[in-house]
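In the numbering used here, the protein residues as written are 13 to 182. Here a beta-carbon is modelled for each residue, glycine too, at the ideal position from N, C-alpha and C. One structure is given here, and the rest of the page talks about it.
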Amino acid sequence: MEAQETQPKPMSDDEVSINEIQTVTVRERQSQSGRLILVSLTPAIRAAGLEAGGSFRFQPGAVDEIGMLPALGFGPDEDISSGPLTRKILEEGAGGQTLRLHIPEEALEAIPGFPEIDAIDWDDPPELTVFAGDRMLAFELAESRSVTINRDVDDGGGDGDTDESEQVDG
């Protein structure tokens with residue numbers, strides 16, 4: 013009997029393959045209109061094929077289905093309605109080299125495990141893992157992990173090495 017090669021099912025036009033791109037820290041910025049939640053996403057936005065002037069529409073209603081917060085991307089010349097869940101890509105930072113995005117509070121709070129905005133300790137803010145695909149971003153709460161690192165330490169006493177163990181949280 014001859015082995016048959018199976019081909020992966022082709023994706024439909026509505027499906028987008030995404031890859032993990034970066035981990036970002038959620039930041040708070042006060043403005044005249046109130047509190048803004050901001051993330052710096054240069055690698056992820058570029059991986060999604062967009063630049064400053066484009067925008068993303070967050071889809072918190074899709075979190076229950078896919079387990080993360082998706083955001084659909086649009087180019088600067090596309091005519092999309094700006095709604096409460098649509099945000100423009102901002103060009104900021106030194107020389108305008110950093111691409112940032114404000115994320116609506118409603119969208120952030122839809123991410124599984126994300127704390128209520130008013131409960132966040134802004135001295136130790138949460139981090140998000142960011143995925144990107146063609147004109148698409150997706151966000152999930154970054155997992156905290158603890159790693160034990162063993163290292164050899166030469167104390168200079170000539171009696172050999174001693175082992176020390178150090179725990180790193182992150």
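Quiz item: According to the neighbour-count rule (16 or more other Cβ atoms, all chains shown, within 10 Å of its Cβ), is residue 163 buried or exposed?
Solution: exposed
Quiz item: Straight-line CA distance for residue 134 to residue 38?
Solution: 9 Å
Practice problem: Name the one or two DSSP bridge partners that residue 54 has. | Solution: Residue 54 pairs with nothing; no bridge assigned.
Practice problem: Ignoring anything shorter than 3 residues or poking outside the region 79 to 130, list the beta strand (DSSP E) runs there in chain order. | Solution: 81 to 86, 98 to 100, 102 to 104 and 110 to 114
Quiz prompt | Rounded C-alpha distance that separates residue 41 from residue 115 | solution = 11 Å
Quiz item: Would you call the CB atoms of residue 67 and residue 98 closer than 8 Å?
Solution: yes
Quiz item: Excluding the five sequence neighbours on either side, which residues of its own chain have a C-beta within less than 7 Å of the C-beta of residue 45, listed in chain order?
Solution: none
Practice problem: Taking only the alpha-carbon atoms, compute the straight-line gap between residue 127 and residue 149 and give it to the nearest angstrom. | Solution: 20 Å
Quiz item: How should residue 85 be labelled, buried or exposed, when 16 other C-beta atoms within 10 angstroms of its C-beta is the threshold for buried?
Solution: buried
Quiz item: Expressed to the nearest angstrom, what Euclidean distance is found between the alpha-carbon atoms of residue 78 and residue 71?
Solution: 11 Å
Quiz item: Checking contacts by CB at 8 Å: is residue 122 closer than that to chain C?
Solution: Of the protein chains in the structure, only one exists, and it is not chain C.
Practice problem: Please confirm whether residue 188 and residue 153 have their CB atoms less than 8 Å apart. | Solution: No information on residue 188 is available, as it lies outside the stretch 13 to 182 that the chain covers here.
Quiz item: Ends of the beta strand (DSSP E) at residue 69?
Solution: 67 to 70
Practice problem: In the DSSP assignment, find the unbroken beta strand (DSSP E) run with residue 140 in it and report its ends. | Solution: 139 to 145
Self-check item: Alpha-carbon spacing of residue 131 relative to residue 151, whole angstroms
Solution: 20 Å
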